[in-house]
Amino acid sequence: MALDKTAQKWLEDRFKNDVRFDEPMSRHTSLKVGGPADAFVTPATREDLQRLIQWSAEAGLPFLVIGDGTNLLVKDAGIAGLVIVLTKCLNHISTTGSRTGGVLVRAMAGARLHRLCAFAISANLKGMNFALGIPGTVGGAIMMNAGTAHGWIRDVLEEITLLTPSGETQTVSKGQLDFSYRKLSLKSSTANLAPGVPTIMDGQFFLYPSDGQQLQQEAEEILRKRRESQPTHLPSAGCFFKNPVSGKPAGELIDLAGLKGKKIGGALISSEHANFIINSGGASAGDVLALMETARTAVLKMFNIELEPEVRIVGR
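Basically this note's numbering = 1-based index in the sequence shown + 372.
So, in structure tokens, the structure goes:
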């Protein structure tokens, strides 16, 4: 383990059963692959999270903040430093007020996205159904500007709260956020933020009153189509590659390259949807990475298009 005894003792004293050392990340990613994290911490409160991130920055320890690990590929050698999980300390969802034409809903970054969708439907609020079936947490959805043909996070997000490495929290409005395909960046107007990479704490969404029964029917139809077109029954990280800016989507290009059903080790390109690399059993991160490169090489050779991973690849 890379952590020294002083750091390990601080974590043990502060977090007790909420910290594990040399924790296999295969237990915490939807692909079910990945080597050990030096320390895996699940803070119980917002205050614990703030102190942990501040301490990590002061100690010079690298840290990775995650939610459900659904869009994450951890390499077999694991992760140096800390993995910090938000699903316990930041999981609340509530309405926070109203504005002309709609209602404001605040969802913390560790809340599952499907909970936010269900919350909106139960409150007869329109705007979140586009995200039905997208795995992961609210924080990850904001970071990735999660979306489908039905809509995008940027369409409903009003502001976010950020936690800086110094432990400060700052609110950033929609006008200061620069959304693009599968990406969120902070505009130069946020240059007054404290230095260091910030962590998303929550997001405020603007949703619209609607008919609850109609919302529920729409939700069922969206989920039905998703189940029919995607391999949701086996471990995966969702769509593996970003779709090219123009032309055919990534899955169709991989299919046309003849790679549906292609297997390396335990990693398999799904025969249902070629943009899904699934763990068919016993896959390693190395298997997944090798299959990723096989698909990229084949598509580049056949179509002169370089596919870019949508999945976040981390680790030693």
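Don't be surprised by glycine CBs; every beta carbon is placed ideally from N, CA and C.
This one's a predicted model, so the numbers in the text were calculated from it and none came from an experiment.
With three or more beta-carbon pairs closer than 8 Å as the criterion, would you say the stretch 594-601 touches the stretch 496-511? Enough Cβ pairs lie closer than 8 Å, so yes.
Does the Cβ-Cβ distance between Ile514 and Gly575 come in under 8 Å? yes
Which residues bound the alpha helix (DSSP H) around Val671? Ala657 to Phe675
Near Lys460, what residues of its chain come up, given a Cβ to Cβ distance below 8 Å and the 5 sequence neighbours on each side ignored? Asp390, Thr414, Pro415, Ala416 and Gly482
In chain order, which alpha helix (DSSP H) runs of at least 4 residues are fully inside the stretch 549-616? 584-601
Going by alpha carbons, who is nearest to Met573 out of Lys404, Ile438 and Lys388? Ile438
Can you grab the Cα-Cα spacing for the pair Gly653 / Asp448, in whole Å? 16 Å
Going by C-alpha distance, which of Ile532, Glu531 and Asn517 is nearest Ile525? Asn517
Confirm, please, whether the CB-CB distance from Val446 to Ala662 is below 8 Å. no
Same chain only: Cβ atoms within 6 Å of Gly584, ignoring 5 sequence neighbours per side: Cβ within range, chain order: Asn496.
So is Thr442 buried or exposed if we call it buried at 16+ other beta carbons inside 10 Å? buried
C-alpha distance - Asp394 paired with Phe412, whole-angstrom precision: 8 Å
Are the CB atoms of Leu444 and Arg684 within a distance shorter than 8 Å? One thing to note: Arg684 has its Cβ within 8 Å of the Cβ of Leu444.
Straight-line Cα distance separating Thr467 from Phe491: 10 Å
Applying the 10 Å Cβ sphere with the 16-neighbour rule, what's the burial state of Met500? buried
Looking at the strands, I want to know which residues DSSP matches up with Gln542. Leu534
Please go through the same chain and pick out, in chain order, the residues whose beta-carbon is closer than 6 Å to the beta-carbon of Asn615, but skip the five residues on each side of it. Pro621 and Ala622
Between the CA atoms of Leu529 and Gly523 - distance to the nearest angstrom: Answer to the nearest angstrom: the Cα atoms are 12 Å apart.
Asn676 burial status per 10 Å Cβ neighbour count (16 or more: buried): exposed
For the candidate residues Val569, Arg554, Ala629 and Ser618, whose alpha-carbon lies nearest to that of Phe612? Minimum Cα distance to Phe612 is reached at Arg554.
Tell me where the alpha helix (DSSP H) around Phe491 begins and ends. Leu485 to Ser494
Hey, out of Lys673, Leu631 and Val455, whose CA is closest to Phe435's CA? Val455
Outcome for Asp367 when other beta-carbon atoms lying within 10 angstroms are tallied against a minimum of 16: Here the chain has residues from 373 to 688 only, and residue 367 is not among them.
Determine the extent of the beta strand (DSSP E) in which Ser466 is found, giving its start and end residues. Ile465 to Arg471
Roughly how many angstroms lie between the CA atoms of Lys358 and Ile641, to the nearest whole one? Residue 358 lies beyond the range of the chain shown here (373 to 688); nothing can be said about it.
So, helix, strand or coil for Lys635, using DSSP? strand
Can you tell me which of Gln588, Asp659, Thr669 and Gln586 puts its alpha carbon nearest to the alpha carbon of Leu625? If we check each option's Cα against that of Leu625, Thr669 comes out closest.
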